[in-house]
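>
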Amino acid sequence: MATTLPFDTRLLFIAGEWREAASGETLALENPSDGSELAHIARGMSADVDAAVAAARHALDGEWGRMSATERGRILAIMGRKVLEQVDVLARLEALDVGKPLKQARADAIALARYLEFYAGAADKVHGETLPYQSGFTVLTLREPHGVTGHIVPWNYPMQIVGRSVGAALAMGNACVLKPAEEACLSVLAFARIAHEAGLPAGALNVVPGLGEEAGAALSGHPGVAHLSFTGSVATGALVQAAAAKNAVPVTLELGGKSPQVVFADADLDAALPYLVNAGIQNAGQTCSAASRILVERKAYDAVLARMSERYRALRVGPALADLDVGPVISRRQLGIVSHYLGVARDTGLQIAAQGEIAADAPASGHYVRPTLVAGVADTHMLAQEEIFGPVQVLMPFDGEAEAIRIANGTPFGLIAGVWTRDGARQLRMARALKCGQVFVNNYGAGGGVELPFGGVKRSGHGREKGFEALYGFSTLKTIAIHHG
Ligand code: NAD
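Throughout, our numbering is defined as the position within the sequence shown, counted from one, plus 307.
1) Report whether the distance from the Cβ of CYS595 to the nearest heavy atom of the ligand NAD is below 7 Å.
2) Are the region 635-653 and the region 693-710 touching by the rule of at least three beta carbon pairs closer than 8 Å?
3) Can you tell me which of ALA552, SER536 and HIS453 puts its alpha carbon nearest to the alpha carbon of VAL469?
4) Take LYS765 as the anchor and find which of MET737, LEU759 and GLY717 has the nearest alpha-carbon.
5) Suppose only complete runs of 4+ residues qualify. What are the alpha helix (DSSP H) ranges in the region 473-503, listed by chain order?
6) Are the CB atoms of LEU345 and ASP404 nearer to each other than 8 Å?
7) Do ILE789 and THR377 have their CB atoms nearer than 8 Å?
8) In terms of DSSP beta bridges, what is ALA711 paired with?
9) So, with DSSP's three-state summary, where would you put ASN513?
10) With DSSP run on the structure shown, which of helix, strand or coil describes ASP641?
11) According to DSSP, is GLU561 helix, strand or coil?
12) Does the Cβ-Cβ distance between ASP706 and ARG605 come in under 8 Å?
13) Quick one: measure Cβ to Cβ for ASN610 and LEU576, integer angstroms, because I've assumed they're closer than 8 Å.
14) GLU436 by DSSP, collapsed to three states: which one?
15) Does the ligand NAD have a heavy atom nearer than 7 Å to the CB of GLY752?
16) What residues in its chain sit with their C-beta under 6 Å from that of PHE425, if we drop five residues either side in the sequence?
17) Does the region 342-362 come into contact with the region 314-327, if we say contact requires no fewer than three beta-carbon pairs (one atom in each stretch) closer than 8 Å?
18) Roughly how many angstroms lie between the CA atoms of ARG471 and ARG381, to the nearest whole one?
19) Run through the DSSP bridge pairs and tell me what PRO567 is partnered with.
20) How is PHE320 classed by DSSP in three states: helix, strand or coil?
21) Here's the rule I'm using: 16 or more other beta-carbon atoms within 10 Å means buried, otherwise exposed. How should ALA597 be labelled?
22) Mind checking which residues open and close the beta strand (DSSP E) that includes PHE444?
23) Can you tell me the Cα-Cα spacing of GLY563 and LEU423, whole angstroms?
24) Mind checking whether the beta-carbon of ILE459 lies closer than 7 Å to any heavy atom of the ligand NAD?
25) Is it a yes or a no for the region 619-628 touching the region 665-680, going by three-plus beta-carbon pairs under 8 Å?
26) Compute the distance between the beta-carbons of THR559 and GLY770, then report whether it is under 8 Å.
27) Under 8 Å between the Cβ atoms of PRO461 and ALA488?
28) Which class does TRP462 belong to by DSSP, given the choice of helix, strand or coil?
29) For LYS785, write down the residues that DSSP places opposite it in a beta bridge.
30) Which of helix, strand or coil does DSSP assign to ILE695?
31) Mapping DSSP to helix, strand and coil, what is SER646?
32) Distance check for LEU419 and PRO465, CA to CA, integer angstroms please.
33) Can GLY531 and VAL455 be called in contact, C-beta distance under 8 Å?
34) Kindly list the residues whose CB is nearer than 6 Å to the CB of GLN692, restricted to its own chain and excluding five residues on each side of it in sequence; keep chain order.
35) Measure the C-alpha to C-alpha separation of SER540 and ALA476 and round it to an integer number of angstroms.
36) If we ignore side chains and look at the alpha-carbon of each, how far apart do ARG614 and LEU580 end up?
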């Protein structure tokens, strides 16, 4: 049965208006829970990106560019309120589109509101400095917007990623061109409607759905774009950075991860357990900061294995709207990738310690995979090195701090890490030794952490989003030296 959606999804949003793609073409969106066709979206291409960049430029030259930081913050606050009023609508769209259980989609919608609230309050609190200089001079710095900013986002957390990136960019007075993912973007279209209703001036936010190699590539190489924020895979991030380099445009890259949680034998296992498992299976493991590696001190290894296995066996997988523990993965292709890794685990003699169950009534045409805990994995094995992007966690024993650090840092990635120990000195030694952008001690993820700067090192990317730090990334510093004698 066709799903009824609350608006016409086939349009793109440029200069405050909903219009068809210049080509008139659309792309089909699939419902991952049952494989049915969910909707059609516009197939934006370079002509649409040109129009969107021109609209953004026009907004900067007009009402949006003249608006004070306080007024921008006020509009963001209204957007945040409207998101909260529409949490249920947004959550249902995200659940249908991404396949995530309804309660997770709801949490994402609330996080979107929280980003807007945070950046609403922060908009008029970013300021420059006066600098001591030679006598006869007054020197000051100004934080200015880049201008037109491009935002390329993936399908796994559309609302959260749009909130953190567009929220901060608008707060600083940039005008945004947003290219959502072709696999899932309904909540992003709904967000643009909310922005418009909230009074965001035409052209301050433009949304051009389309294929990565068409709309995405056109945006990353566009000479009218002054800054790019990309969230997605390492391979695509490298393409975006190369395209931006041709125009000498700065890029923030939020890429993949193979994040560890390191559990020492003195840890409070009761407190750790829910974080160890949830951080691996949330959004069916399709989370950049998923804790896909669990490192356990050998003395506690059997206990952690037993308790995680018990939790895994209780996990239930099913359609997003059934709101179980785990939903489907995004596509048949993604299901193939995860199944391939599980095949490798079996073929190379790894121990499949425990698996969750797919609900008996889950549609056979949905993209379901059993969450899987794999034990006794050597740190050099591909399951311990590569980002799987599915509900698969590997468990590895270690002996002592030095080995924990070596294994934790021993992948090409460095996004986030968790450390579980009651020893205060060890907490600090570990936090300093781990090579990544965020370390959580005796927790993992801190409930999303809108306020906390986020981003990676190594192949996990560079630049920081979230928190105040994002406002510096979405602005440029001008120094003014006045000689007055
Ligand atoms: P992807 O790189 O395939 O796609 C991401 C976006 O890039 C999409 O909008 C896509 O259309 C666009 N794109 C594709 N080809 C392009 C091109 N040639 N030029 C410009 N844009 C192009 O990534 P994905 O598979 O959709 O997402 C999964 C990856 O994203 C994982 O590696 C995951 O770890 C990462 N991710 C990172 C974060 C983070 O904050 N660090 C958050 C979510 C996802």
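Just so it is clear, CB atoms sit at the ideal spot from N, CA and C, and this is done for glycine as well.
With the structure as the only source:
1) Here the distance from the Cβ of CYS595 to the nearest heavy atom of the ligand NAD is below 7 Å.
2) As far as the Cβ criterion goes, the region 635-653 touches the region 693-710, which means the pair count is three or higher.
3) That would be SER536, whose Cα lies nearest to the Cα of VAL469.
4) Of MET737, LEU759 and GLY717, the residue nearest in Cα terms is GLY717.
5) Not a single unbroken stretch of the alpha helix (DSSP H) spanning 4 or more residues falls wholly within the region 473-503.
6) Note that the C-beta distance between LEU345 and ASP404 is below 8 Å.
7) ILE789 places its beta carbon 8 Å or farther from that of THR377.
8) Answer is none; ALA711 lacks a bridge partner.
9) It is a strand residue.
10) According to the sequence provided, residue 641 is Gln. The question's Asp does not apply to it. GLN641 falls in the helix class under three-state DSSP.
11) Correct three-state label for GLU561: strand.
12) For the pair ASP706 and ARG605, the CB atoms are nearer than the 8 Å cut-off.
13) The question names Asn, but residue 610 in the sequence shown is Ala. Contact flag correct, Cβ pair sits at about 7 Å.
14) Reduced to three states, the DSSP call for GLU436 is coil.
15) Because no heavy atom of the ligand NAD lies under 7 Å away, the Cβ of GLY752 does not count as near it: no.
16) Here PHE425 has VAL757 as same chain residues with Cβ atoms under 6 Å from its own Cβ, once five neighbours each way along the sequence are excluded.
17) The region 342-362 is in contact with the region 314-327.
18) Answer to the nearest angstrom: the Cα atoms are 17 Å apart.
19) DSSP lists ARG600 as partners of PRO567.
20) Three-state DSSP puts PHE320 in a strand.
21) It is buried - the Cβ of ALA597 has at least 16 other Cβ atoms within 10 Å.
22) Where PHE444 is concerned, the enclosing beta strand (DSSP E) stretches over 444-452.
23) A direct Cα-to-Cα measurement between GLY563 and LEU423 gives close to 25 Å.
24) Yes - the ligand NAD has a heavy atom lying nearer than 7 Å to the Cβ of ILE459.
25) Because the criterion of three Cβ pairs below 8 Å is met, the region 619-628 and the region 665-680 touch.
26) Their beta carbons are under 8 Å apart, which means THR559 touches GLY770 by this criterion.
27) Going by C-beta atoms, PRO461 is nearer than 8 Å to ALA488.
28) Correct three-state label for TRP462: coil.
29) LEU449.
30) Three-state DSSP puts ILE695 in coil, outside helix and strand.
31) Of the three classes helix, strand and coil, the one that applies to SER646 here is helix, per DSSP.
32) So the alpha carbons of these two residues sit roughly 9 Å apart.
33) The Cβ atoms of GLY531 and VAL455 sit closer than 8 Å to each other.
34) Residues of the same chain with a CB within less than 6 Å of the CB of GLN692, apart from the 5 flanking positions on each side, are THR718 in chain order.
35) If you take the alpha carbons of SER540 and ALA476, they lie about 22 Å apart.
36) Cα-Cα distance, rounded: 8 Å.
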